[in-house]
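Trainee: In the UniProt record's numbering, the protein residues as written are 1 to 303.
We treat Cβ as the ideally placed atom computed from N, Cα and C, and that holds for glycine.
This structure is a prediction, so every number in the text was calculated from the model and none was measured.
Pasting a structure here, questions to come.
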Amino acid sequence: MSLAGSLKQFHSEHADTVRRNIGHARPSSTVPTRTSTPKPAAAPTSSGGGDKRSHDTAFKPDESKVVGREMISQVTAAITYLQEKSPAVVTWDRITSFLSLPQDLKKNEPNIKRALQTNPRAQYLGKSESGNGRESFKYRPLHPVTNGEELRKYLATLDTAKGVPVRELKDGWADCSGTIDRLEGEGYILVSRNKKDNTPRIVWADSPSFHVTNPTPGSQQVGKVDPDFVDYWCKIKLPANENDIRNELERAGLTPTSAVREVKKIDNSKKNRKRVEKKNAKKTNTHMAGILKDYSNRKAGGK
């Protein structure tokens, strides 16, 4: 076969092959496909994540934490405001007006109200309880006392004798010192005072009936005493000096507080102890047995 015949046969076979495969060929696209360089795999972080965060993402403040801190600050300011207005009732609208919440925190007003309702230092009053027809709050002090009459009743209900510190009373009753002085003078309360400035420190319940006084005409009769007891009390004579009192107590078998006490001297000096070595003590340097000689079986002065 000639060269021209072989070329013709090749073109004929190539055309047949193209016609057979034309149905399975991909549609041609006018836009050339772009191939991107594959990115290297990111090394896994210590927390097991994939890609590493950017600097801005890593140091961006958490919005939930920021909002939480702002809400705590607003609740604290509202409690302080209620304490300043105590014992008055403050409406919720007045509290929000005092807080002057920015626009981005207006949506947190329901959360602030809910936090105040559950706070132990705030008392929630509904529309039917507030007396003004609106939701309100009232400061709840450490002790429910705001005047002298409430103080007397409150002290009478306590089942312990530790008293009530005045600084705790001032939590809800700032100007209580004057009333405490008056009730103490009338005999309704007992007061422990500070030595430095004589201000009241702790108060207890008391009663005028426990006090013995000589009533004057027109005054309140307090503590009537039997005349026989007064006569017996006046006849009791105390010893002239302290030595006589001490002698009387000793004759009665009692130890006076002014008795001279013998002070025992304790020798705290350390004694020097002489160290005693044991003759038959077991030696622990057995690893030197091949070098050292054993002379324990020989007597002193022997050869």
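Taking buried to mean at least 16 other C-beta atoms within 10 Å of its own C-beta, is ALA4 buried or exposed?
Mentor: By the neighbour-count rule (16 or more Cβ atoms within 10 Å), ALA4 is not buried but exposed.
Trainee: Exposed or buried, which one is TYR232 when buried takes at least 16 other CB atoms within 10 Å?
Mentor: Exposed: under 16 other Cβ atoms inside 10 Å.
Trainee: Roughly how far, in whole angstroms, is the beta-carbon of ARG275 from the beta-carbon of SER258, given that I think they are within contact range, below 8 Å?
Mentor: 51 Å between Cβ atoms; not a contact.
Trainee: By Cβ distance below 8 Å, which residues in the same chain neighbour ARG134 in space, the five residues on each side in sequence not counted?
Mentor: Only THR91, TRP92, ASP93, LYS127 meet the Cβ criterion.
Trainee: Bridge partners for GLN123 per DSSP, in chain order?
Mentor: DSSP, once it has assigned bridges, lists LYS138 as partnering GLN123.
Trainee: In this structure, what does DSSP give as the bridge partners for THR91?
Mentor: Partner(s): SER136.
Trainee: On the CB-based measure, 16 or more other CB atoms within 10 Å of its CB, does GLU149 come out buried or exposed?
Mentor: Burial call: exposed.
Trainee: So TYR154 packs on VAL166, CB below 8 Å; how close in whole Å?
Mentor: Wrong, their Cβ atoms sit about 13 Å apart, outside the cutoff.
Trainee: Going by other Cβ atoms of all chains shown within 10 Å of its Cβ, with 16 needed for buried, is SER136 buried or exposed?
Mentor: Per the 10 Å Cβ criterion, buried.
Trainee: Taking the beta strand (DSSP E) that LEU190 falls in, what are its first and last residues?
Mentor: That run of the beta strand (DSSP E) goes 189–193.
Trainee: Alpha carbon to alpha carbon, how far is SER207 from ASP228?
Mentor: Using only the alpha carbons, I get a separation of about 24 Å.
Trainee: Taking the continuous beta strand (DSSP E) assigned at ARG167, which residues delimit it?
Mentor: Counting along the chain, ARG167 falls outside any beta strand (DSSP E), though it belongs to the alpha helix (DSSP H) covering 166–169.
Trainee: Which partner residues of ALA205 appear in the DSSP bridge assignment?
Mentor: The partner list for ALA205 (beta bridge, DSSP) reads ILE189.
Trainee: Which value, in whole angstroms, describes the spacing of the CA atoms of LEU226 and HIS211?
Mentor: Going by the sequence as given, residue 226 is Asp instead of Leu. In a straight line, the C-alpha of ASP226 is about 14 Å away from that of HIS211.
Trainee: Taking the CB atoms as reference points, tell me whether ILE189 and ILE202 lie closer together than 8 Å.
Mentor: No, they are not a contact pair.
Trainee: Decide yes or no for the touch test of the segment 119–126 against the segment 93–111: beta carbon pairs closer than 8 Å, at least 3 of them.
Mentor: No, because fewer than three Cβ pairs between the segment 119–126 and the segment 93–111 fall closer than 8 Å, the two stretches do not touch.
Trainee: If you measure between the beta carbons of ASN147 and VAL75, is that distance less than 8 Å?
Mentor: No, these two residues do not count as a Cβ contact at 8 Å.
Trainee: Since LEU82 contacts TYR139 with CB under 8 Å, what's their CB separation in whole angstroms?
Mentor: The pair is a contact, with the Cβ atoms about 4 Å apart (cut-off 8 Å).
Trainee: With a threshold of 8 Å on Cβ separation, who are the neighbours of ASN132 within its own chain once the five nearest residues in sequence on each side are excluded?
Mentor: Cβ neighbours of ASN132 beyond the five flanking positions: VAL89, THR91.
Trainee: On the three-state DSSP scale, how would you describe PRO227?
Mentor: Three-state result, PRO227: helix.
Trainee: Please report the straight-line C-alpha distance between LYS113 and ILE72, rounded to a whole angstrom.
Mentor: Each residue's Cα considered, the two are about 12 Å apart.
Trainee: Where LEU142 and VAL164 are concerned, what is the direct C-alpha to C-alpha distance, given to the nearest angstrom?
Mentor: Using only the alpha carbons, I get a separation of about 10 Å.
Trainee: Just verifying my parser: in three-state terms, what is the DSSP assignment at PRO200?
Mentor: In this structure, PRO200 counts as strand in the three-state DSSP scheme.
Trainee: Count the other C-beta atoms from every protein chain shown that fall within 10 angstroms of the C-beta of LEU151, then say buried if there are 16 or more, exposed otherwise.
Mentor: That one is buried.
Trainee: In three-state terms, what does DSSP make of CYS234?
Mentor: In this structure, CYS234 counts as helix in the three-state DSSP scheme.
Trainee: Which two residues bound the contiguous alpha helix (DSSP H) that contains ASN247?
Mentor: Counting along the chain, the alpha helix (DSSP H) containing ASN247 begins and ends at 242–251.
Trainee: Under three-state DSSP, which class holds GLY178?
Mentor: Of the three classes helix, strand and coil, the one that applies to GLY178 here is helix, per DSSP.
Trainee: Straight-line CA distance for GLU168 to SER177?
Mentor: Computed Cα separation, rounded: 12 Å.
Trainee: For ARG251, which residues from the same chain have a beta carbon less than 8 Å from its beta carbon, with the 5 sequence-adjacent residues on both sides left out?
Mentor: Nothing listed; no residue qualifies.
Trainee: What do you get for ILE291, buried or exposed, if any count of 16 or more other CB atoms within 10 angstroms of its CB means buried?
Mentor: It counts as exposed.
Trainee: Going by other Cβ atoms of all chains shown within 10 Å of its Cβ, with 16 needed for buried, is ILE79 buried or exposed?
Mentor: So ILE79 counts as buried.
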